[in-house]
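Written below as structure tokens is the structure these notes are about.
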Amino acid sequence: MGSLNSSSSSSNLAHLSPSSLPLTSLPSSKLSDVLDPSLNPIKPARVIIELQITGRYFRALIDTGSEIDLISDRAVDDSFLERRPMARLSSIRLALGDGSAMPLTIRHFVVATLRVTRPTLIFEDTSLRVGPVLGDFDLILGTPFLHCHGLSVSVEQQAMECSRLNVLIPDYRVDPGQFQSIAAVDAPSEANQYPCAESERLILKEFADLFPEDIPAVDEDVDDSDKSKGSSFPNKLQDAASRTQHKIVLTDPNA
9 MGSLNSSSSS
19 SNLAHLSPSS
29 LPLTSLPSSK
39 LSDVLDPSLN
49 PIKPARVIIE
59 LQITGRYFRA
69 LIDTGSEIDL
79 ISDRAVDDSF
89 LERRPMARLS
99 SIRLALGDGS
109 AMPLTIRHFV
119 VATLRVTRPT
129 LIFEDTSLRV
139 GPVLGDFDLI
149 LGTPFLHCHG
159 LSVSVEQQAM
169 ECSRLNVLIP
179 DYRVDPGQFQ
189 SIAAVDAPSE
199 ANQYPCAESE
209 RLILKEFADL
219 FPEDIPAVDE
229 DVDDSDKSKG
239 SSFPNKLQDA
249 ASRTQHKIVL
259 TDPNA
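Positions 9 to 263 (the working numbering) are the ones given, in order, by the sequence shown.
What follows is the structure in structure tokens.
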């Protein structure tokens, strides 16, 4: 059994370090302080998107740490959504600015259609619990919303990512020209729109004498001898040299 040479394999790996910190130029005494997360906490910008509910604009925080989707009472009133009683009450702990948490009981929910205008996307029948929302936003969209619509958060792009549609929904504070959108998937060519296209082409080529591209009109006036009167249908349906023998008879379905 061959052994793994750790020194040779590690030489093929790319060594990454924070691009904003010139670590190689720092003395060892300072390097520890720079990398200490308690002294230099990394706080990426939160992703807040702008969306419409019943034609009115609101802001929603995209929170991957939230297990519920929440909308404020003010946003419910402003959008004229109908509050619905929850079959089972749920309790949550609302994080406050001083680091403490306040227990709350959620009693109502609403069902809304969320419309994003940059780019244009519509999320129908979104269930949102009604409760207090602290901050400069009106909704908190958590993991249920992200999972339901196949969404994720790109910290680097400061945007919400929809991989199924290959689009990014940027933070409302970000200029659309400043973020890098996902490369669009090339549209399939006309000849390969479905997996069996090539097989279909070969079959039609083999039986081209039976399946002409332009089938002439068929006269429904057929006598007992199965011969058309005044019909433009050809007397011979296939090439005389064809090895395939078929007889096509057009009859009245009620006969």
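All C-beta atoms in this analysis are idealised placements derived from N, C-alpha and C, irrespective of residue type, glycine included.
Residue burial annotation: ALA68 is buried, with at least 16 other C-beta atoms found within 10 angstroms of its C-beta.
In terms of Cα proximity to ILE61, the closest of ARG209, VAL124, ILE70 is VAL124. In this structure, ASP81 is the residue among ASP81, GLU75, CYS204 with its C-alpha nearest to the C-alpha of PRO140.
Annotated three-state conformation of ALA216 is coil, per DSSP. Around LEU129, the same chain offers ARG123, CYS170, LEU173, VAL175, ILE177 as residues with beta carbons nearer than 8 Å, after the five sequence neighbours per side are excluded. The C-beta distance from GLY158 to ILE76 rounds to 19 Å, too long to fall under 8 Å, and the pair is not in contact.
Taking C-beta atoms under 8 Å as the contact rule, PHE66 and ASP146 qualify, at a distance of about 4 Å. For PHE66, no alpha helix (DSSP H) run applies; the uninterrupted beta strand (DSSP E) run containing it begins and ends at 64–70, by DSSP. For LEU154, the enclosing alpha helix (DSSP H) stretches over residues 151–156. Ranked by Cα distance from ASP133, the options PHE117, LEU142, ARG126 are led by PHE117.
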